[in-house]
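According to our numbering, the sequence shown is numbered sequentially starting from 17.
Yeah, the Cβ is synthetic: ideal placement off N, Cα and C, and Gly gets one too.
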Amino acid sequence: MNAHALEALGLTQATAQQGLDMVVDGGLRILGAVAVLIVGRFVAGRFRNGMRGVLERADTDPTLVPFFSSMAYYLVQAIVLIAVLNLFGVETTSLIAVLGAAGLAIGLALQGTLSNFASGVMLLTFRPFRIGDFVDIAGAAGTVAEIGLFSVTMDTPDNVQIIVPNSDVYGQTIRNFAANPNRRNDLVIGISYDDEIGLAIDTINRVLGADSRVLTDPEPVVAVSELGDSSVNLVVRPWCAKEDYWDLRFDLMRKLKQELETAGCSIPYPQHDVHLAATDAKD
17 MNAHALEALG
27 LTQATAQQGL
37 DMVVDGGLRI
47 LGAVAVLIVG
57 RFVAGRFRNG
67 MRGVLERADT
77 DPTLVPFFSS
87 MAYYLVQAIV
97 LIAVLNLFGV
107 ETTSLIAVLG
117 AAGLAIGLAL
127 QGTLSNFASG
137 VMLLTFRPFR
147 IGDFVDIAGA
157 AGTVAEIGLF
167 SVTMDTPDNV
177 QIIVPNSDVY
187 GQTIRNFAAN
197 PNRRNDLVIG
207 ISYDDEIGLA
217 IDTINRVLGA
227 DSRVLTDPEP
237 VVAVSELGDS
247 SVNLVVRPWC
257 AKEDYWDLRF
267 DLMRKLKQEL
277 ETAGCSIPYP
287 QHDVHLAATD
297 AKD
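Printed below as a string of structure tokens:
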């Protein structure tokens, strides 16, 4: 075998060895990246759960626990991503400029998502409501179950889950029924025009005074509100603790009807009286 053949053979073997080394190196990098991703995902999940446990043991506001635990999870995931890029020799410093330009384009495409995120930060900062509060927001009413980075989850009284985007929550009027310790029941009771108004008011005040859930401060209000077409309407406005609102309302509607009827008052309802006039028959 001449010198040229040996030289060519040596180059071929060197090229093959170099290619094999590249394949092995690339395979090891890929396996390392997969391993880092798997371990990083596991560590991120454990870190999130650990953060949640620490915050709960520290009696942190339940509204803030999901927010900080989610932020911790995504922070670890970002560190894992940078580590994977380093395995492939990607310069993360030069990547920042690329990510900045890409972030601008993605931000324009995801305006709604970013708006939800910004609104979520504002909700967690100013906290117009907390987990467990009964609220009316964006045309939906329910008990707040979770305040996330992008949406608010509520459970309605009939156990239906409602998810409202944060941008719709923060940009709308929020009615928080649980913010104050006391609430006022607004009832309207109608009595007949033939009934004595003073007797009806005294009866209603007696029923309110006998119920321990009715607060004396502020004092209940019982007054004539309207002279209707078929009834004299009385407003009944007792105050109670927010936890007793619905039970008190249901009980008062029943008791007031029973006691007013016992006192001789009647609760009218719309009706029509038809009078037939007799006429002489003509041949």
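Which listed residue (the options) has its alpha carbon closest to that of residue i
| i | options | result |
| --- | --- | --- |
| CYS281 | PHE84, SER208 and ASP184 | SER208 |
| PRO236 | PHE266, CYS256, LEU276 and PRO144 | CYS256 |
| LEU71 | VAL59, ALA60, PHE58 and SER85 | SER85 |
| LEU140 | SER131, VAL81 and GLY187 | VAL81 |
| TYR261 | GLU242, LEU203 and GLY48 | LEU203 |
| PHE166 | PHE142, ASN132 and GLU275 | ASN132 |
| ALA99 | PHE142, ILE220 and ILE54 | ILE54 |
| LEU276 | SER241, THR219 and ASP233 | THR219 |
| ARG64 | VAL50, SER246 and PHE83 | PHE83 |
| TYR285 | ASP184, VAL252, SER246 and MET269 | SER246 |
| GLY164 | THR172, PHE145 and ASP174 | PHE145 |
| GLY155 | THR172, GLU162, ALA74 and PHE142 | THR172 |
| ALA195 | VAL52, ARG143, MET170 and MET269 | ARG143 |
| ILE213 | ASN102, ILE283, LEU268 and ASP267 | ILE283 |
| VAL50 | LEU101, GLY66 and ARG222 | LEU101 |
| ARG222 | ALA60, VAL59 and LEU268 | LEU268 |
C-alpha gap between residue i and residue j, whole angstroms
| i | j | result |
| --- | --- | --- |
| ASN201 | VAL248 | 19 Å |
| TYR89 | ARG62 | 9 Å |
| ILE179 | ILE153 | 11 Å |
| ALA239 | PHE193 | 25 Å |
| LEU22 | ILE95 | Confidence at LEU22 is low in this model, with a pLDDT of 45, below 50, so the placement of that residue should be treated as unreliable; the coordinate-derived value is given next. Approximately 50 Å, taken between the alpha carbons. |
| ARG199 | ALA157 | 17 Å |
| LYS271 | VAL176 | 32 Å |
| ARG57 | GLN93 | 7 Å |
| TYR186 | THR129 | 14 Å |
| VAL230 | LEU224 | 6 Å |
| ILE217 | ILE205 | 10 Å |
| ALA243 | MET87 | Note that residue 243 is Leu in the sequence shown, not Ala. When rounded, the distance between both Cα atoms is 60 Å. |
| LYS273 | LYS258 | 24 Å |
| LEU91 | GLY48 | 21 Å |
| THR232 | ASP211 | 27 Å |
| ARG253 | ARG68 | 44 Å |
| ASP149 | GLU162 | 10 Å |
DSSP-derived helix/strand/coil call for residue i
| i | result |
| --- | --- |
| LEU22 | For LEU22, the predicted model reports a pLDDT of 45, less than 50, meaning its position is unreliable; a value from the coordinates is still stated below. Helix. |
| ILE147 | coil |
| ARG200 | strand |
| LEU250 | strand |
| ALA293 | coil |
| GLY61 | helix |
| SER85 | helix |
| ASP171 | strand |
| THR159 | strand |
| ALA154 | coil |
| GLU235 | coil |
| VAL92 | helix |
| LEU165 | coil |
| ALA279 | coil |
| ALA99 | helix |
| ALA257 | strand |
| VAL52 | helix |
| VAL240 | strand |
| VAL230 | coil |
Rounded distance between the beta-carbons of residue j and residue i, thought under 8 Å
| i | j | result |
| --- | --- | --- |
| PRO78 | ILE147 | 4 Å |
| ASN182 | VAL160 | About 12 Å; that fails the 8 Å criterion. |
| SER215 | ALA279 | A small correction: the amino acid at residue 215 is Leu; Ser does not occupy that position in the sequence shown. LEU215 to ALA279, Cβ: 6 Å. Contact. |
| ASP227 | LEU250 | Contact doesn't hold; Cβ gap of about 17 Å is too wide. |
| GLY137 | ILE190 | Correcting the residue type first, residue 137 is Val in the shown sequence and not Gly. With a Cβ gap of about 16 Å, VAL137 and ILE190 do not count as contacting. |
Point to revise | Those runs of the alpha helix (DSSP H) which lie wholly inside the region 173-227 and span at least 4 residues | key: 182-186 and 213-226
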